[in-house]
Every structure is written in structure tokens, then in C-alpha cells.
């Protein structure tokens, strides 16, 4: 999978995570975490659009230089609850508790793993 451009926002490592997978990825940061209950400060639409276009142009210009990202199974999803742990999470097949708020799921089908976690938890996680 080629990932020449990732748009998103600065929060607990989001931008760093993209760059860790593919150091040549261009990141268009259009909002930043305010640090309070998953809220974010969004850049004005005209500035955000300009930044996305600027990074996209640069990504296309350098696309041949950007190495494809390859993920290999088995995969590990680790996630932390911000508040009370949802009881549904403990019923997931293969789930392991790391501590009282953090859980881990390992498997060979990343999409299915994410669907399991998402169905059980919806937006209750600080992924």
C-alpha cells in the first residue's frame, strides 16, 4: 500500500505514527488536540485546504521516492479506555488485559480485528 499523503491532526502520536510507518509520507496537519476529552482545535477551512493541497502536490511530486508500506501478520491492536472499561471488550475472542484500562488483541486479519473492537467499543477508546 502506498501512502504518500496522510491528512489528520496532531494528537497522541497520530502524525508520528504515520511517519513511523512511512518516513517519506507528507502529513497535512489540519487540527490539533486541545488535550481535553478528545476535543480538537481546527484550523480555518481555507488554511486547512491550502495545507492539504500543498502536501498533496509535494507527495505527488515525490511519489516515486516513497516506499510502499507493508504490514505483516500477525497484527497487534493495543487500545486504552479513557473512562470506565466497557464490559463488551472482555468478551472479544483473544483479548488480553495489559492493565486496568489497556487491552490488546492479536490476530491475522487486521480488518476483522478492528471491526471487533469498533463494534464492542464504538468511540469509547483513546486509540
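In my numbering, the protein residues as written are 365 to 491. Each residue gets a CB set at the ideal place from its N, CA and C atoms; glycine is no exception.
Q) What's the gap between the Cα of residue 437 and the Cα of residue 385? A) So the alpha carbons of these two residues sit roughly 15 Å apart.
(Q) I need the DSSP call for residue 417, collapsed to helix, strand or coil. (A) DSSP, reduced to helix, strand and coil, places residue 417 within a helical segment of the structure shown.
Q | Counterpart residues of residue 380 in DSSP-defined beta bridges | A | Partner(s): none; residue 380 has no beta bridge.
Q. Once you ignore the five residues that flank residue 409 on each side, which residues in its own chain have a CB closer than 8 Å to its CB?
A. none
Q) Within 10 angstroms of its Cβ, does residue 480 collect 16 or more other Cβ (buried), or is it exposed? A) buried
(Q) Can you check which of these residues, 448, 430, 422, is closest to residue 387 by C-alpha distance? (A) 430
Q: Confirm, please, whether the CB-CB distance from residue 390 to residue 423 is below 9 Å.
A: With respect to the 9 Å criterion, residue 423 and residue 390 are classified as neighbours on the basis of their beta carbons.
Q.
By alpha-carbon positions, which one of 462, 482, 398 ends up nearest to residue 452?
A. The residue with the shortest Cα to Cα distance from residue 452 is 482.
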